[in-house]
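Okay, structure first, notes after.
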Amino acid sequence: MARASKQESEATAHLIRTKAGELFAEHGYAEVRLEEVAVAAHVTRGAVYHHFNNKKGLFESVAAHEQQRVAEAVVHAAEGEADAWHGLRAGCRAFLNASLADESRRILLIDAPAVLGWNSWRRQDAEASAAHLGGAIEELVDQGIMTVRSVASASTLLSGAMNEAALCIADSDFPEETLEDVTLDLFRMLDGMRSG
Numbered sequence: 183m184a185r186a187s188k189q190e191s192e193a194t195a196h197l198i199r200t201k202a203g204e205l206f207a208e209h210g211y212a213e214v215r216l217e218e219v220a221v222a223a224h225v226t227r228g229a230v231y232h233h234f235n236n237k238k239g240l241f242e243s244v245a246a247h248e249q250q251r252v253a254e255a256v257v258h259a260a261e262g263e264a265d266a267w268h269g270l271r272a273g274c275r276a277f278l279n280a281s282l283a284d285e286s287r288r289i290l291l292i293d294a295p296a297v298l299g300w301n302s303w304r305r306q307d308a309e310a311s312a313a314h315l316g317g318a319i320e321e322l323v324d325q326g327i328m329t330v331r332s333v334a335s336a337s338t339l340l341s342g343a344m345n346e347a348a349l350c351i352a353d354s355d356f357p358e359e360t361l362e363d364v365t366l367d368l369f370r371m372l373d374g375m376r377s378g
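Using the working numbering, you'd call the opening residue of the sequence shown number 183 and step up by one each time.
The structure is reproduced here in structure tokens:
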């Protein structure tokens, strides 16, 4: 039997990750078996193991992909604004909005901290949305629009606040109202860092 090309292998891995993401989002990490993922992706269980080693490895890939999807939404929202200040606010709002999406909520906010551990979860966030946040703050400081003692500390504080807010929204019985409340308070915090 001929070996799959690199492109075919990548396509198979993408399909497995996509189907696994759908199952993890709907049922949660604990309830999904790799056999179910294989059936949903129309591959063998061996193919799942080949690409991801085990269930945790598959979930880690799904979570990283979801983190990147959220980061792309943040960048898209920020780039749609006329200036860097409104871009920062729009990006923050997009990050919080992502916590209302079922796939993000269950995978990123409920299962990922428990399955991957706090440090791995934070590392994934740092490589995705938090990296864009730091860049946005640095740009605003360079333009004299924002005053902070340290870009790194301001980024850490805002990232932590938004992650906690996202967890709060995900856990709320009234997520839409909670989103509005935390967004308005977050914007007040940001206004306190604005120059002038």
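Idealized CB from N, CA, C, for every residue including glycine. Here the structure is a predicted model, which means the values were calculated and not measured.
* To do: Express the C-alpha separation of L270 and R227 in angstroms, rounding to a whole number.
  => As a first step, residue 227 must be located in the sequence shown, where it is residue number 45. As a first step, residue 270 must be located in the sequence shown, where it is residue number 88. Their Cα atoms are separated by approximately 43 Å.
* Could you give the distance in angstroms between the alpha-carbon of I327 and the alpha-carbon of L349? -> What you label residue 327 is simply residue 145 of the sequence shown in a count that begins at 1. What you label residue 349 is simply residue 167 of the sequence shown in a count that begins at 1. Taking the straight line from one Cα to the other gives about 29 Å.
* Asked: Can you pull the DSSP bridge partners for M328?
  -> Numbered from 1 along the sequence shown, position 146 holds the residue referred to as residue 328. M328 is bridged to R376.
* By Cβ distance below 6 Å, which residues in the same chain neighbour S341 in space, the five residues on each side in sequence not counted? -> Here residue 341 is taken as the residue at index 159 of the sequence shown, counted from 1. Here S341 has A312 and L315 as same chain residues with Cβ atoms under 6 Å from its own Cβ, once five neighbours each way along the sequence are excluded.
* **Environment of K238 [buried if 16+ CB atoms lie within 10 Å]** => As a working mapping, residue 238 is identified with position 56 in the sequence shown. That one is exposed.
* Asked: Whose C-alpha, out of A352, R305 and G317, is nearest the C-alpha of E179?
  -> Any property of residue 179 remains undetermined from this structure, which presents the chain solely from 183 to 378.
* Asked: Taking the C-alpha atoms as reference points, what is the distance between I319 and A272?
  -> To locate residue 319, count along the sequence shown from 1; it is residue 137. To locate residue 272, count along the sequence shown from 1; it is residue 90. Cα-Cα distance, rounded: 13 Å.
* Asked: Which value, in whole angstroms, describes the spacing of the CA atoms of Y231 and E309?
  -> Looking up residue 231 in the sequence shown gives position 49. Looking up residue 309 in the sequence shown gives position 127. In a straight line, the C-alpha of Y231 is about 25 Å away from that of E309.
* **Straight-line Cα distance separating L372 from A255** => Along the sequence shown, one-based indexing puts residue 255 at 73. Along the sequence shown, one-based indexing puts residue 372 at 190. Rounded to whole angstroms, A255 to L372 spans 20 Å at the Cα level.
* Asked: Three-state secondary structure (DSSP) at V230?
  -> As a working mapping, residue 230 is identified with position 48 in the sequence shown. Helix, per DSSP.
* To do: Spatial neighbours of L322 within its chain, please: CB distance less than 8 Å, with the 5 preceding and 5 following residues excluded, ordered by chain position.
  => One-based indexing of the sequence shown puts residue 322 at position 140. Short of 8 Å from the beta carbon of L322, and not among the five residues preceding or following it, lie these beta carbons of its own chain, in chain order: A266, W267, L270 and M328.
* Selection from R370, A246, A276 and R251 that minimises the alpha carbon distance to A260 -> Within the sequence shown, residue 260 is the residue found at index 78, counting from 1. When only C-alpha atoms are compared, the closest one is A276.
* Asked: How far does the alpha helix (DSSP H) with G262 in it reach, from first residue to last?
  -> Numbered from its first residue, the sequence shown carries residue 262 at position 80. G262 -> no alpha helix (DSSP H), and no H or E assigned at all.
* **Counted within 10 angstroms of its Cβ, other Cβ atoms place G262 as buried (16 or more) or exposed** => Mapped onto the sequence shown, residue 262 falls at position 80. Per the 10 Å Cβ criterion, exposed.
* **Beta carbon of Q325 nearer than 8 Å to that of Q249** => By one-based count along the sequence shown, residue 325 stands at place 143. By one-based count along the sequence shown, residue 249 stands at place 67. Not closer than 8 Å, so no.
* Go through the region 197 to 261 residue by residue and report every complete run of the alpha helix (DSSP H) that reaches 4 residues or more, in order. => 216 to 223, 227 to 234 and 237 to 261
* Asked: Secondary structure at A343, three-state DSSP: helix, strand or coil?
  -> The residue labelled residue 343 in the question sits at position 161 within the sequence shown. Helix at A343.
* Starting from D307, follow the alpha helix (DSSP H) in both directions and report where the run begins and ends. => The sequence position of residue 307 within the sequence shown is 125, counting from 1. Segment W300 to E309, the alpha helix (DSSP H) holding D307.
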